[in-house]
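Quick notes on the structure that follows.
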């Protein structure tokens, strides 16, 4: 949790409590706001963000200057930096939300009891959402838009490197909310980016209904270890591609290369390759040459090293590691049983794929592997709200409570039971 | 958390880690066990529990003796003590599960993407469930049965006063599992009832997929404050009955008496009465006389005291308190706005009722009150898995993530995405 290293501020908790109270009031208004009112505000947000992009870019330039002086890494600078194209993408994201169905008010189920009570389970907003994330200003706009569409107030705490950008963005978003007749405090930014404010946010029991951390494994772990408010864990993906003995080798190679290379820095990228012994001697030289040719460092079990001597030996720790980089770990397995056992032991329950033409092997893999998304004959890279057709995504949950896998608008809601009677009392 | 006061045992955590590993293995078997295999084990559990009730009653007698010597309160002794009738009820509970539909395998939704990927969201077990509860041996059997039916392994930690009873029960349940060909370790009991073992259980990240505390507000608070594993909060209910100016007074009285008196010790009992000023002078003397006549202590706001001088004055703390006793707090309100604001401020978001003949008032109450269950013209006492028709209930969630309100079998599952392709890769 590299960004939480500033001097503690003793008033963090009381300031956050105040923010949470204002968020609760705003949530009360949003809860009963109609879809049209929310969509109008989204439209206003998109217009204002585009109209005032100059102010955002100016604020971002200040962040970038501090970042460069501080010697931040290239990937961090890439995530932090904004330009007109990136702002246009944020604006597009807001506009896309307008066209999506509003999950609030959906009657999930309903029935009549023998005593005449009519029970309906109805989708309602969560209330106050907290987001803790790193130096990515686009998350500020994404999260604000998704929370507004789903009737939730949101308290945002971005990385300190993006503070000026976030202040500029939230000012615009709040102005748009007010102009559209909704409470500006529906979107609030935590200005204090010190460690203490993050911890206080994690422990704001009663103030925040759900906290969603988005970022690296360190941030997620810190939140899970310290939070007393309900948390949705997102993201860590130690994903496997398993090439079964009956795989179409060309398809297996295509899927492997896509899963590893199309974006190695994201959570749904493949980190490990498992290959059945029966086909290893044929498949590995061909596939590892292709990976190595694309700049991937290959690490392997002893059998892999025997077949492909350029591979470095794997350590036990390697099997658990999400590289997020041009590195792959390779293991030769006896067959399906060993592959499933290995995945269930070392995987992070994110996305797991088998490549096979064998019907029974496919069925067993789908059934026995414990993960948010299990694939037959497709790349793990499809685990994504957009690719699933959700239209918007707030993150990918790797926990089992509430939401698992890509979280769209529906996952940002809860339900309540509405019970209508004619004077019924319980015996 | 009165029961967590024994001497710390330093090996608690490593012992719990071992239990969790065995539970994880058992969960792997249960995850793919068919409904018939699980139902057979439930049937065997019911048979064995009845056949061996003598051993359970003997163990319970030892617990009762210790309890009596220790001078435990009457309600605690009532919950702890077993007899043939109570065991018959446990057996009935197990048998009832056999007849219920198995939620595992349900296809919640499914669609095809433009690229031909077939996506299905399928219901699967949670994995390893932890239960922390007080001295109620029936929870041991209920929880074991519900977890088995839903394919979950369970780690049970009951109150220390019930330890002998729980050991006897779990021995029988494990024997039945083994006899039915399922892993005995699917149901395990934490023998160490010290505080340290409870804390270790709350922090068993990766070992327990969800922890469900069942008990008083102190236990729930301790779990929420200390847990790093995902928790489902259950139970606290500061429930209101709001008598609107257009209520049928007879219906309002019937609902109020039922909500307060039919079982004052449970979470869905009414703790507060709100009455519109316009009808207070007529409704209060009649209803408060009825409540007082049934032994209820009446506390009230100044207006209530003016109308019913026998009422004690309410304190600010009273408005937040779940009495679980023959006590009621009464407030005269101006109308719907004040009633809703009061409930949203002081309620615990459990069960809230309005009594009215006014269509608009009913709709606004249902929409604006933020609670797991909102009622029009019915008693709050219906918030219950049995009364909702779920057939089984593991608790009543008062949080917003994952489950809200009575939790039946479906709430003891998660989902996974199953994606079948023909070699698709991401652009």
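Residue numbers (this note's numbering), protein chains in the order written: chain A, 1 to 427; chain B, 1 to 427. We put the CB at the ideal spot given by N, CA and C, even for glycine.
For the segment 399 to 415 of chain B, the residues whose beta carbon sits under 7 Å from a beta carbon of chain A are, in order, 399, 400, 401, 402, 404, 405, 414 and 415. Chain-ordered, the chain A residues with CB closer than 9 Å to the CB of residue 377 (chain B) read 420, 421, 422, 423 and 424. In the three-state DSSP reduction, residue 325 (chain B) falls in the coil class, being neither helix nor strand.
Excluding its 5 nearest sequence neighbours in each direction, residue 353 (chain A) has C-beta neighbours in its own chain below 6 Å: 241, 375 and 380, listed in chain order.
Sequence-distant Cβ neighbours of residue 407 (chain A) in its own chain, meaning closer than 6 Å and more than five residues away, are 394, 395 and 397. Between residue 420 (chain B) and the set A:361, A:334 and A:201, the nearest pair of CA atoms involves A:361. Within chain A, the residues placing a beta-carbon under 9 Å from that of residue 262 (chain B) are 425, 426 and 427, ordered along the chain.
For residue 373 (chain B), the nearest beta carbon of chain A is closer than 8 Å to its own beta carbon. In the DSSP assignment, residue 272 (chain B) falls within the beta strand (DSSP E) that extends over 270 to 276. Sequence-distant partners of residue 365 (chain A) (beyond 5 residues in either direction) whose C-beta falls short of 6 Å from its own C-beta, in its chain, are 354. By the Cβ-count criterion, residue 348 (chain A) is buried, with 16 or more other Cβ atoms from all chains shown falling within 10 Å of its own Cβ. Close to chain A, meaning a Cβ-Cβ distance shorter than 8 Å, are the following residues of the segment 92 to 120 of chain B: 111, 113, 117 and 119.
8 Å or more divides the Cβ of residue 98 (chain B) from the Cβ of residue 47 (chain B). Residue contact check for residue 307 (chain A) against chain B: no CB pair falls below 8 Å.
Boundaries for residue 16 (chain A): no beta strand (DSSP E) harbours it, while the alpha helix (DSSP H) harbouring it runs 12 to 32, taken from the DSSP string. Within the same chain, Cβ atoms closer than 6 Å to the Cβ of residue 102 (chain A) are found at 35, the five residues on either side in sequence being excluded. Residue 412 (chain B): not part of any alpha helix (DSSP H); DSSP gives it neither H nor E.
Of the residues A:294, A:295 and A:314, the one whose Cα lies closest to the Cα of residue 302 (chain A) is A:314. Per DSSP, the beta bridge partners of residue 395 (chain B) are B:407. Taking all protein chains in view, the Cβ of residue 411 (chain B) is crowded by 16 or more other Cβ atoms within 10 Å, so the residue is classified as buried. Taking the Cα of residue 163 (chain B) as reference, the smallest distance to any Cα among B:289, B:60 and B:342 is reached at B:60. In this structure the segment 220 to 227 of chain B touches the segment 190 to 210 of chain B; the number of beta carbon pairs closer than 8 Å is three or more. Take residue 79 (chain A), set aside five residues on each side of it, and the residues of its chain with a beta-carbon closer than 8 Å to its own are 134, 135 and 136, in chain order. Chain-ordered, the chain A residues with CB closer than 9 Å to the CB of residue 209 (chain B) read 399, 400 and 401. At least 8 Å separates the beta-carbon of residue 385 (chain B) from that of residue 378 (chain B).
For the pair residue 390 (chain A) and residue 119 (chain B), the CB atoms are not nearer than the 8 Å cut-off. Sequence-distant Cβ neighbours of residue 358 (chain A) in its own chain, meaning closer than 7 Å and more than five residues away, are 244 and 246. Out of B:140, B:320, B:109 and B:24, the CA that lies nearest to the CA of residue 213 (chain B) is found in B:140. Exposure of residue 325 (chain B) is indicated by the presence of fewer than 16 other C-beta atoms within 10 angstroms of its C-beta.
Of the candidates A:344, A:373 and A:274, the residue whose Cα lies closest to the Cα of residue 334 (chain A) is A:274. Under the Cβ criterion of 8 Å, residue 255 (chain A) is counted among the residues facing chain B. Taking a Cβ-Cβ threshold of 7 Å, the residues of chain A close to residue 251 (chain B) are 423, in chain order. In this structure the segment 202 to 210 of chain A does not lie against the segment 179 to 188 of chain B, because fewer than three pairs of beta carbons, one per stretch, are closer than 8 Å. No Cβ of chain B is located within less than 8 Å of the beta carbon of residue 393 (chain A).
For residue 181 (chain A), the closest of A:29, A:343, A:13 and A:370 by C-alpha to C-alpha distance is A:29. Residue burial annotation: residue 111 (chain B) is exposed, with fewer than 16 other C-beta atoms found within 10 angstroms of its C-beta.
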